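Q:
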Amino acid sequence: MSDSKIPLAGVIGHPIAHSKSPNVHNYWIRKYGLKGHYVPIDIDPEKIKDMLPRLADLGFVGANVTIPYKETVMDIADLITDRATLIGAANTLIFRKDGRIHADNTDGYGFIENIRQTVPDWTPTSGPAVVFGAGGAARAVIASLIDVGVPTIMLTNRTRIRAEKLRDDFGQRVQVVEWVQAGNVLEDADLVVNTTSLGMTGKTEMRVPLDGLRPGIIVNDLVYSPLRTRLLATAEERGCKTVDGLGMLLHQAVPGFERWFGKRPVVDENVRAAVLR
Ligand code: NAP
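Heads up: the sequence shown begins at 74 in this note's numbering, then just goes up one per residue.
1) Can you say whether R280 is buried or exposed, counting buried as having 16 or more other CB atoms within 10 angstroms of its CB?
2) Tell me whether the beta-carbon of G222 lies closer than 7 Å to the beta-carbon of T196.
3) If I'm right that M273 touches G183 with Cβ under 8 Å, what's the distance once you round it to whole angstroms?
4) Rounded to the nearest angstrom, what separates M227 and D284 at their Cα positions?
5) With a 10 Å radius around its C-beta and 16 neighbouring C-beta atoms as the bar for buried, classify E186 as buried or exposed.
6) Would you grab the beta carbon distance between T136 and A150 for me? Rounded to a whole angstrom, and I think it's under 8 Å.
7) In chain order, which alpha helix (DSSP H) runs of at least 4 residues are fully inside the segment 93-155?
8) What is the rounded straight-line gap between the Cα of D263 and the Cα of M124?
9) Hey, is A210 close to the ligand NAP, as in C-beta under 6 Å from one of its heavy atoms?
10) Evaluate the contact criterion for the segment 82-91 versus the segment 104-122: three or more CB pairs, one atom per stretch, below 8 Å.
11) Consider the C-beta atom of T232 and the heavy atoms of the ligand NAP; say whether any pair is separated by less than 6 Å.
12) Is it the case that the CB of S217 approaches a heavy atom of the ligand NAP more closely than 6 Å?
13) Which of the three DSSP states, helix, strand or coil, is assigned to S75?
14) Apart from the five residues on each side of it in sequence, which residues of its chain come closer than 8 Å, Cβ to Cβ, to P95?
15) Would you decide whether G312 is buried or exposed? Buried here means 16 or more other CB atoms lie within 10 Å of its CB.
16) Tell me where the beta strand (DSSP E) around V316 begins and ends.
17) Taking 6 Å as the cut-off, is the beta-carbon of R235 closer than that to any non-hydrogen atom of the ligand NAP?
18) Take the Cβ of N343 as the centre, count every other Cβ of all protein chains shown within 10 Å, and call the residue buried at 16 or more, exposed below.
19) Starting from G86, trace the beta strand (DSSP E) in both directions and tell me its first and last residue.
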């Protein structure tokens with residue numbers, strides 16, 4: 074692509090109409106007066122392997138990736154960052170000028186930056202974290218918690234074997250706790266993170282007993298629809314510091330935006346409002 078072309082980026086998924094990423098990126102493009110467009114791209118599963126490499130020919134400089142392609146794109150990319158390899162999934166692609174596709178995962182970065190921005194005095198090394206869930210998001214969360222020095226991660230998941238797989242992949246700092254015992258380990262936690270889809274609009278409500286949440290600890294829900302989940306509402310009532318999931322969505326978008334459009338965007342109340350509108 075010649076440098077005079079207007080850069081295009083987008084989010085690839087199936088379905089994709091629900092994605093908030095276009096609101097985020099197009100808000101920043103307007104805010105900073107940049108040239109560029111960011112669009113939702115719905116690709117059928119049987120076409121993803123053929124279509125992905127062709128996006129660069131159409132003028133795309135990169136793309137975010139969402140359900141169900143975060144793992145699929147790892148087989149198509151030519152270069153994969155260490156953190157994407159560790160997590161086993163990518164959410165950010167760069168279509169390089171030499172034709173190669175570069176895959177990265179910025180979910181863990183977004184997760185950590187969101188907590189740091191909301192709770193600036195967070196000391197990750199101060200004590201254990203409890204993580205609910207062992208899906209794709211949990212892998213990014215656990216990798217980054219280990220990276221910032223959280224000493225112990227108590228991991229609990231409805232399907233125990235998935236949690237055990239994560240412990241095998243990430244090592245002994247991860248301890249598996251029975252799903253039915255999840256409420257009992259909360260009193261040991263300095264940080265509690267929900268990475269399950271429980272509490273999401275239209276999904277089952279989180280039913281883990283929350284009496285063990287101590288005042289002053291940090292409780293983060295990755296679910297951002299609704300913004301104030303039952304977990305966060307209860308945590309707030311118990312005097313915890315709450316962190317919603319929208320901030321992670323915004324922060325994980327920062328590295329891709331900077332790479333594609335040449336400006337590092339700021340995550341603030343205005344972009345939150347633009348996404349919630
Ligand atoms: P995933 O790979 O499909 O994993 C889903 C997780 O939820 C698994 O641990 C699953 O447990 C658990 N779960 C689902 N239904 C359950 C139920 N009825 N009871 C108990 N556990 C249940 O999905 P994901 O990609 O990790 O995403 C998980 C959540 O994180 C979604 O709500 C997603 O929107 C959110 N997320 C937010 C951000 C953000 O930027 N804020 C980023 C990524 C993801 P089993 O293993 O037992 O099935």
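Don't be surprised by glycine CBs; every beta carbon is placed ideally from N, CA and C.
Bear in mind the structure is a predicted one, so any value in this text is a computation, not a measurement.
A: Checking against the coordinates, here is how it stands:
1) Exposed: under 16 other Cβ atoms inside 10 Å.
2) No.
3) In this structure, M273 and G183 do not form a Cβ contact; the two beta carbons are roughly 18 Å apart against a cut-off of 8 Å.
4) Their Cα atoms are separated by approximately 17 Å.
5) Per the 10 Å Cβ criterion, buried.
6) Contrary to the premise, residue 136 reads as Ala rather than Thr in this sequence. About 11 Å; that fails the 8 Å criterion.
7) Scanning the segment 93-155 for uninterrupted alpha helix (DSSP H) segments of 4 residues or longer gives 94-104, 121-127 and 145-149, listed from N- to C-terminal end.
8) When rounded, the distance between both Cα atoms is 45 Å.
9) A210 Cβ: within cutoff of the ligand NAP.
10) Segments in contact, yes.
11) Within the cutoff, so yes.
12) For the ligand NAP, not one heavy atom lies less than 6 Å from the Cβ of S217.
13) Residue confidence is low: S75 scores 47 on pLDDT, short of 50, so the model does not pin down where it sits. Its coordinate-derived value is still stated next. Coil, per DSSP.
14) Cβ-Cβ distances below 8 Å link P95 to G83, V84, Y111, V112 and P113 in the same chain, with the five nearest sequence neighbours on each side left out; the list follows chain order.
15) Counting C-beta atoms within 10 angstroms of its own C-beta, G312 has fewer than 16 neighbours from the protein chains shown and is therefore classed as exposed.
16) That run of the beta strand (DSSP E) goes K314 to V316.
17) R235 has its CB nearer than 6 Å to a heavy atom of the ligand NAP.
18) Counting other Cβ atoms within 10 Å of its Cβ, N343 stays below 16 and is therefore classed as exposed.
19) Under the DSSP assignment, G86 falls in the beta strand (DSSP E) whose first and last residues are L81 to G86.
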